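Participant: Protein sequence lines, in the order shown, are assigned to chains A and B. Under this note's numbering, think of the first position of the first sequence as 1, with each following residue one higher. Under this note's numbering, think of the first position of the second sequence as 136, with each following residue one higher. Attaching a single structure in structure tokens format; questions to follow.
Number of protein chains: 2
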Amino acid sequence: MNGRFHISVHILTLLDAAKGELVSSDYLAGSINTNPALVRKELSNLRKHGLIISKEGKAGGYMLAKSPDQIRFADVYEAVKQTAILGQARNEPNPKCPVGRQINQHLKDMDKEIEDAVIKKLYDFNLADFSEKFY
Amino acid sequence: MNGRFHISVHILTLLDAAKGELVSSDYLAGSINTNPALVRKELSNLRKHGLIISKEGKAGGYMLAKSPDQIRFADVYEAVKQTAILGQARNEPNPKCPVGRQINQHLKDMDKEIEDAVIKKLYDFNLADFSEKFY
DNA sequence: TGTACTGTAATATTTATAATTACAGTAAAG
DNA sequence: CTTTACTGTAATTATAAATATTACAGTACA
Numbered sequence: 001m002n003g004r005f006h007i008s009v010h011i012l013t014l015l016d017a018a019k020g021e022l023v024s025s026d027y028l029a030g031s032i033n034t035n036p037a038l039v040r041k042e043l044s045n046l047r048k049h050g051l052i053i054s055k056e057g058k059a060g061g062y063m064l065a066k067s068p069d070q071i072r073f074a075d076v077y078e079a080v081k082q083t084a085i086l087g088q089a090r091n092e093p094n095p096k097c098p099v100g101r102q103i104n105q106h107l108k109d110m111d112k113e114i115e116d117a118v119i120k121k122l123y124d125f126n127l128a129d130f131s132e133k134f135y
Numbered sequence: 136m137n138g139r140f141h142i143s144v145h146i147l148t149l150l151d152a153a154k155g156e157l158v159s160s161d162y163l164a165g166s167i168n169t170n171p172a173l174v175r176k177e178l179s180n181l182r183k184h185g186l187i188i189s190k191e192g193k194a195g196g197y198m199l200a201k202s203p204d205q206i207r208f209a210d211v212y213e214a215v216k217q218t219a220i221l222g223q224a225r226n227e228p229n230p231k232c233p234v235g236r237q238i239n240q241h242l243k244d245m246d247k248e249i250e251d252a253v254i255k256k257l258y259d260f261n262l263a264d265f266s267e268k269f270y
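If you want it as structure tokens, here you go:
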């Protein structure tokens, strides 16, 4: 996987710490140690998934869309997931081989089961509990 | 993640289908649709983890090291895993920020829990059951 | 002694990820 | 009504990771 889950959780933790104050993408980028445009892109995604809200214009910024105990990490995961947990081959296996012909489907089925287990587990983690660890 | 889990499972499935006959890396590469050197590298790793055995020299090749019902996909996963399930940021977060200073450790702890859940789940998948799907 | 393999390292290529730049749009404040 | 400080988003460039390729030494059988 890539770093998107980390960045999203980092953003949400900072927004939680701000307790409703609007926070700028510049500030967030400073703590994450990356650049504001990338953070805004991730914020855009989080907003699309209903986890944060934003305000444009001068004195604008970002805040959580709901209370931190309602932000489950399963939601965050769903918001950023893009690749299979068990990975994915770049090349199509050989369709002339009985194994090659079917293996992708079988691996995909298995991946689905694993992902369900992950999401079920992540359902028990929420932002409120996570934030508490920092104090 | 990358394609290593796929390749390893593909290899093992083909070796299982060969029922003890030695199989060459060339043949494996043909079904997987990649090149033999890469397959041998993966075979080397699987051997290191006790899942296959190899024979050098002319008429050499590869076969399973144990019966397919004893090859759990949790073992395969352990053999190829390298990155965190929840990903990892490239940059160190800002140590001057209370959140940035601690977040990596907290994310790592969470990742550990998720990974344990994945492995527990993968423990129920074995090569024998997987191979059956192909007939 | 030739042949058909494995084992492994070094290098090149491709793809994925992240960083940067740029600028239009918006709203507050003077 | 203009400046200022933000967001939103796209386009481009840079960097890192993954995979492919090449090469060749080592091994065992015939």
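Positions of the beta carbon are idealized from the N, C-alpha and C atoms, including for glycine. Quick caveat: nothing in here was measured; it's all calculated off a predicted structure.
With H, G and I counted as helix, E and B as strand and the rest as coil, what does DSSP make of residue 221 of chain B?
Facilitator: Residue numbering aside, residue 221 of chain B sits at position 86 when the second sequence is read from its first letter. Three-state DSSP puts residue 221 of chain B in coil, outside helix and strand.
Participant: Residue 90 of chain A: buried (16+ other C-beta within 10 angstroms of its C-beta) or exposed?
Facilitator: Residue 90 of chain A sits at position 90 when you count from the first residue of the first sequence. Residue 90 of chain A is exposed by the Cβ-count criterion.
Participant: Within 10 angstroms of its Cβ, does residue 179 of chain B collect 16 or more other Cβ (buried), or is it exposed?
Facilitator: Indexing the second sequence from 1 puts residue 179 of chain B at position 44. Its Cβ having fewer than 16 others within 10 Å, residue 179 of chain B is exposed.
Participant: With DSSP as the reference, label residue 100 of chain A as helix, strand or coil.
Facilitator: Indexing the first sequence from 1 puts residue 100 of chain A at position 100. It is helical.
Participant: Taking any Cβ of chain B, which residues in the region 10-22 of chain A have a Cβ under 7 Å from it, in chain order?
Facilitator: The residues in question are 10, 13, 14, 17.
Participant: Below 8 Å between beta carbons: does that hold for residue 250 of chain B and residue 220 of chain B?
Facilitator: Taking the second sequence and counting its residues from 1, one reaches residue 250 of chain B at position 115. Taking the second sequence and counting its residues from 1, one reaches residue 220 of chain B at position 85. It is a contact, given that the beta carbons lie within the stated cut-off.
Participant: Which of the three DSSP states is assigned to residue 256 of chain B in this structure?
Facilitator: For the purposes of this step, residue 256 of chain B is taken as the residue at position 121 of the second sequence. The answer is helix: DSSP assigns residue 256 of chain B an H, G or I state.
Participant: Taking Cβ-Cβ distances shorter than 7 Å, what residues in chain A pair up with residue 163 of chain B?
Facilitator: What you label residue 163 of chain B is simply residue 28 of the second sequence in a count that begins at 1. Correct list: empty, because the minimum Cβ distance to chain A is about 10 Å.
Participant: Decide if the region 154-172 of chain B is in contact with the region 226-235 of chain B; the criterion is three or more beta carbon pairs, one per stretch, under 8 Å apart.
Facilitator: No: fewer than three Cβ pairs fall under 8 Å.
Participant: Of the choices B:207, B:261, B:147, whose alpha-carbon is the least far from that of residue 189 of chain B?
Facilitator: Within the second sequence, numbered from 1, the residue matching residue 189 of chain B stands at position 54. The shortest C-alpha separation from residue 189 of chain B is found at B:147.
Participant: Comparing alpha-carbon positions, which option in B:167, B:150, B:152, B:157 lies nearest residue 104 of chain A?
Facilitator: Here residue 104 of chain A refers to the residue found at position 104 when the first sequence is read from its first residue. Looking at the Cα atoms, B:167 is the closest of the given residues.
Participant: So which of B:252, B:270, B:215 has the shortest CA-CA distance to residue 98 of chain A?
Facilitator: For the purposes of this step, residue 98 of chain A is identified with residue 98 of the first sequence, where counting begins at 1. Taking only the C-alpha atoms, the option nearest residue 98 of chain A is B:270.
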